[in-house]
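Numbering (my numbering), first residue to last: 19 to 172.
Only one structure is covered here, and it is reproduced in the block below.
In structure tokens:
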């Protein structure tokens, strides 16, 4: 179970890098920015099962770490205007940061499995991931709106 919880995020990180690189070829829309956190929010249904439930302190810890780690994603996400459309700008640092975050996550998971139940840890890491994606997408949304206003002003 532990190995599976390490391999799946690695595969997901690789998929995200390919999706992100492909996304730079198409214009960004508000919908493309807003939908991923909404889709991810369905993962909170795991808390229906006691196996995944975590304490308020664990929620706050995971959320705090997620928000801190989101800073790296926010800093590396930039948009550019091309022919009156907004595109995601390719960042050479993004794959490096994504893999670095993955390594940190794997390291934390390996360390914390010694003291925290795997189910609780899964619940904490979902909160951590959600705490990363929501601030990142909010920052993306505000950057997008700013550029959209610039396009409309011309």
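We put the CB at the ideal spot given by N, CA and C, even for glycine.
query, result
"Would you say residue 107 and residue 98 are within 9 Å of each other, going by their C-beta atoms?", "yes"
"In angstroms, rounded to a whole number, what distance separates the CA positions of residue 134 and residue 74?", "15 Å"
"Determine the extent of the beta strand (DSSP E) in which residue 130 is found, giving its start and end residues.", "Taken as a continuous stretch (DSSP letters only), residue 130 belongs to no beta strand (DSSP E), being part of the alpha helix (DSSP H) at 111 to 130."
"Can you give me the start and stop residues for the alpha helix (DSSP H) that residue 146 sits inside?", "136 to 171"
"Which same chain residues end up closer than 6 Å to residue 201 when comparing Cβ atoms and leaving out the 5 residues on each side of it in sequence?", "Outside the displayed span of the chain (19 to 172) sits residue 201, for which this structure offers no information."
"Can you tell me the Cβ-Cβ gap for residue 117 and residue 94, rounded? I've got them flagged as a contact below 8 Å.", "Between residue 94 and residue 117 the Cβ distance is about 12 Å, and since that is not below 8 Å, they are no contact."
"Around the Cβ of residue 125, are there at least 16 other Cβ atoms within 10 angstroms (buried) or fewer (exposed)?", "exposed"
"DSSP three-state call for residue 69: helix, strand or coil?", "helix"
"Could you tell me whether the stretch 57 to 64 touches the stretch 80 to 91, where touching means 3 or more Cβ pairs closer than 8 Å?", "no"
"Leaving out the 5 sequence neighbours to the left and right, which residues in its chain are closer than 8 Å to residue 162 when beta-carbon positions are compared?", "46, 48, 51, 97 and 104"
"Here's the rule: buried if 16 or more other CB atoms are within 10 angstroms of the residue's CB, otherwise exposed. What is residue 167?", "exposed"
"Please report the straight-line C-alpha distance between residue 119 and residue 44, rounded to a whole angstrom.", "26 Å"
"Tell me the DSSP bridge mates of residue 97?", "106"
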